[in-house]
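In the numbering used here, each residue carries its 1-based index in the sequence shown increased by 645. Cβ atoms here follow ideal geometry from the backbone N, Cα and C, with glycine treated the same way. Computed from a predicted model, the values in this text were never measured in an experiment. Working notes for the structure below.
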Amino acid sequence: MKDLLGLMGKAKEMQAKFQAMQDEIATLEATGQAGGGLVSVTLTGKFEMKVLKIDPSLLKEDEAEIVEDLILAAHNDAKNKVEQVMQEKTKALTAGLPIPPGMKLPF
């Protein structure tokens with residue numbers, strides 16, 4: 646019975662740590678760039694686009710497709726950075742726990 650209470654206490658503690666981590670990730674911002682910095686995108690920890698910057702030299706009528714590709718590339722770069730930080734924070738939080746490989750946290 647003592648082990649069960651200890652396990653429940655640890656689970657509650659882990660839940661609080663996960664909530665704190667999720668709150669921290671929600672305030673996270675990451676900026677991705679493409680075209681050598683001609684296009685940059687800033688995402689929040691919830692993958693919401695917050696800022697989009699396009700160098701005026703790209704705003705030519707016949708280069709719309711290039712700008713579209715650069716925006717997508719910058720967005721994906723920022724998304725990868727947010728995911729990497731989330732993964733690092735989750736790994737630090739779950740160190741020593743027997744979690745199956747490939748299982749993504751937070752759920």
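message: Under DSSP, the alpha helix (DSSP H) around Thr735 begins and ends at which residues?
response: Ala709 to Leu738
- request: Report yes or no: do the stretch 648-661 and the stretch 696-715 share at least 3 C-beta pairs separated by less than 8 angstroms?
  value: Touching, no, given that fewer than three Cβ pairs across the two stretches are closer than 8 angstroms.
- prompt: Pairing CB atoms from the stretch 655-664 with CB atoms from the stretch 678-697, are three or more of them under 8 angstroms?
  reply: No: the two stretches stay apart, fewer than three of their Cβ pairs being nearer than 8 angstroms.
message: For Gln678, list the residues DSSP reports as bridge partners.
response: Ser685
query: Roughly how many whole angstroms lie between the Cα atoms of Lys734 and Lys724?
result: 16 angstroms
- prompt: Name the DSSP bridge partner or partners of Met694?
  reply: Leu688
- prompt: Going by DSSP, what residues sit across from Ile699 in a beta bridge?
  reply: Val684
- prompt: So His720 and Gly677 are in contact, right, with Cβ under 8 angstroms, and what is the actual spacing, rounded?
  reply: 6 angstroms
- prompt: Which residue comes first and which comes last in the alpha helix (DSSP H) that contains Glu658?
  reply: Lys647 to Ala671
field: Nonlocal neighbours in the same chain, by C-beta distance under 7 angstroms from Val727, ignoring five residues either side
entry: Leu673, Ala675, Leu688, Gly690 and Phe692
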